[in-house]
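Q:
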Amino acid sequence: MVDRVRLNHATIAKILKSQGVADLVNRAAREVAAHAGEDADVDEYTTDRGAASVAVPAEQQAIEGALTRAAAAASLEVRQRP
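With our numbering applied, the sequence shown covers 103 to 184.
#1: Quick one, are the C-beta atoms of Val127 and Ala176 less than 8 Å apart?
#2: Name the residue from Pro159, Ala136, Lys116 whose alpha carbon lies nearest to the alpha carbon of Ala174.
#3: Can you tell me whether Gly122 is buried or exposed, with buried defined as 16 or more other CB within 10 angstroms of its CB?
#4: Going by DSSP, name the residue or residues bridged to Val144.
#5: To the nearest angstrom, report how far apart Gly167 and Arg108 are at their CA atoms.
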């Protein structure tokens, strides 16, 4: 049995900053947007790594939970912030 696990932080950072991970993030955002409907807007961008956001009109989220339902339909875990 292993008592300790040692993380290679440099390698983890390299993986997270890779184009492959950015592509996965962007693909997931586009899938959520597809489930959310035609009013959904995807913003693909880069910080220190690939990132994306999906937005829907506030009224659609407030009344229908459009973005929450779309994320769940894309098999993403949806939970409330603490």
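Note that the Cβ used here is the ideal one computed from N, Cα and C, for glycine as well.
A: Answer, in terms of the structure:
#1: Mapped onto the sequence shown, residue 127 falls at position 25. Mapped onto the sequence shown, residue 176 falls at position 74. No, the pair does not count as a contact, with Cβ atoms beyond the cut-off.
#2: Indexing the sequence shown from 1 puts residue 174 at position 72. Measuring C-alpha to C-alpha distances from Ala174 to each of Pro159, Ala136, Lys116 identifies Ala136 as the nearest.
#3: The sequence position of residue 122 within the sequence shown is 20, counting from 1. That one is exposed.
#4: Against the sequence shown, residue 144 aligns to sequence position 42. As DSSP reads the structure, Val144 sits in a beta bridge with Val156.
#5: By one-based count along the sequence shown, residue 167 stands at place 65. By one-based count along the sequence shown, residue 108 stands at place 6. Those two C-alpha atoms are separated by around 41 Å.
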